[in-house]
Amino acid sequence: MKIKKGDMVRVIAGKEAAQVVQDKDKKPAEGKVLSVDAKRGRVVVEGLHKVTKHEKPSMTNQNGGRVEVEASIDISNVMLLHNGKPTRVGFKIEDGKKYRYAKATGEKIDEVTSAKRKEGKKS
């Protein structure tokens, strides 16, 4: 995935981005990625796309009621921020190591760690 947990992103499409277009004084919707669901292609961004969830009273939550939580956003609707500017992300392999890099500037963002293989599994 080109976006991972802990990255700063800007919303470029959807409800949060539309609010910025309507009100020119508003700052673009940005936040830190809390989680990434690679299988569904969605991310949860801190403080954005809040929805109201109704919870029944239970042993852990005695009162129940309405709770505001961050909902997921499609990964195509967010763009990585590098040095405060939105940029597309690419991958390069140098000296046998894989890096994410910002396509706008060509600078390295970070090193990508490969997924660990299961023991005894041939590929």
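Residue 59 in my numbering sits at position 49 of the sequence shown; the count goes up by one each step and never skips.
Built from N, CA and C at the ideal position, the CB exists for glycine as well.
Here the structure is a predicted model, which means the values were calculated and not measured.
Does the distance from the C-beta atom of residue i to that of residue j stay below 7 angstroms?
i	j	result
Val53	Val61	no
Met11	Lys42	no
Glu56	Ala39	no
Gly24	Asn87	yes
Just tell me which of the options has its CA closest to the CA of residue i.
i	options	result
Gly116	Gly106, Lys107, Asn93, Asp105	Asn93
Ala112	Asp84, Lys36, Ile83, Leu91	Leu91
Glu80	Pro96, His59, Gly74	His59
Ala114	Gly75, Val99, Lys63, Asp120	Val99
Ile22	Lys37, Asp105, Ala48	Lys37
Glu78	Gln72, Thr97, Glu65	Glu65
According to DSSP, simplified to helix, strand and coil, what is residue i?
i	result
Ile103	strand
Gly130	A caution first: Gly130 carries a pLDDT of 47, below 50, which makes its placement in the model unreliable, though a value can still be read off. In the structure shown, Gly130 sits in coil (DSSP, three-state: anything other than H, G, I, E or B).
Ala27	helix
Met18	strand
Ser86	helix
Who pairs with residue i in a beta bridge, going by DSSP?
i	result
Pro96	Leu91
Ala48	In DSSP, Ala48 forms no bridge with anything.
Could you tell me whether any non-hydrogen atom of the ligand ADP is closer than 6 angstroms to the CB of residue i?
i	result
Arg50	This structure simply doesn't include the ligand ADP, nor any ligand for that matter.
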